[in-house]
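Following: one structure in structure tokens, then a few remarks.
Protein chains: 2
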Amino acid sequence: MIQATFYHAGCPVCIEAEQGFATAMNPSVYTVETVHLGEDKSRIAEAEAMGVQSVPALVIEGVPYHINFGASIADLK
Amino acid sequence: MIQATFYHAGCPVCIEAEQGFATAMNPSVYTVETVHLGEDKSRIAEAEAMGVQSVPALVIEGVPYHINFGASIADLK
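Keeping their order, the protein sequence lines are chains H and F.
First residue of the first sequence: 594, per this note's numbering; consecutive thereafter.
First residue of the second sequence: 594, per this note's numbering; consecutive thereafter.
This is how it looks when you write it as structure tokens:
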């Protein structure tokens with residue numbers, strides 16, 4: 594299985610992206626972990642290290658995909 | 594099956610998004626059509642009507658998800 598991580602902050606754009614997008618991934622190939630950076634600020638550094646600049650974002654095999662724009666990482670600190 | 598449309602313009606960001614992302618969708622639920630707006634300009638208006646402002650973008654059930662940023666739709670005309 595390939596690990597993917599969906600970073601969000603509970604914003605409306607984030608929720609739409611999670612429901613319409615993160616759940617659309619092939620479940621026989623990908624395991625998607627959802628991380629709420631507003632509630633788990635200890636993982637903000639991890640997201641930044643992956644190249645995540647805003648949420649919602651999905652990181653697949655180390656590559657960050659920013660999906661629309663909800664909030665910048667800087668605003669979550 | 595749910596129809597999804599991946600709009601791109603052949604840019605490096607587009608290709609990365611297609612390979613890492615559009616192909617990651619659940620094939621038992623989604624049919625993904627790939628449209629190269631640089632080669633098929635007749636579909637730019639359709640993409641705009643869906644709310645696509647830049648490529649690469651994936652439209653799922655009428656909702657546009659802009660993935661990172663490759664080029665604006667305006668620059669493709």
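The C-beta atom is built at its ideal place from N, Cα and C for all residues, glycine as well.
Remember, predicted model here, so these are calculated numbers, not experimental data.
For E609/F and E632/H, I'd like the C-alpha separation in whole angstroms.
30 Å
Residue ranges of each alpha helix (DSSP H) within the region 603-665 of chain F, 4 or longer
605-613 and 637-642
Proximal residues to L669/H (C-beta, below 8 Å), its chain only, five neighbours per side dropped:
A602, L630, G631, K634, I637 and V648
For M618/F versus V628/F, is the C-beta spacing smaller than 8 Å?
no
Cβ neighbour criterion (16 or more within 10 Å) applied to A655/F:
What sits at residue 655/F in the sequence shown is Gly, not Ala. Counting Cβ neighbours within 10 Å, G655/F comes out exposed, since fewer than 16 surround it.
Please go through the same chain and pick out, in chain order, the residues whose beta-carbon is closer than 6 Å to the beta-carbon of N661/F, but skip the five residues on each side of it.
V606
Assuming the contact rule is C-beta atoms closer than 8 Å, I653/H and G613/F should be a hit. Round their C-beta distance to whole Å, please.
5 Å
Are V622/H and I666/H close, meaning C-beta to C-beta below 8 Å?
no
Output, in sequence order along the chain, the residues in the region 613-628 of chain F whose CB is closer than 9 Å to any CB in chain H.
G613, F614, T616, A617, M618, N619, P620, S621, V622 and Y623
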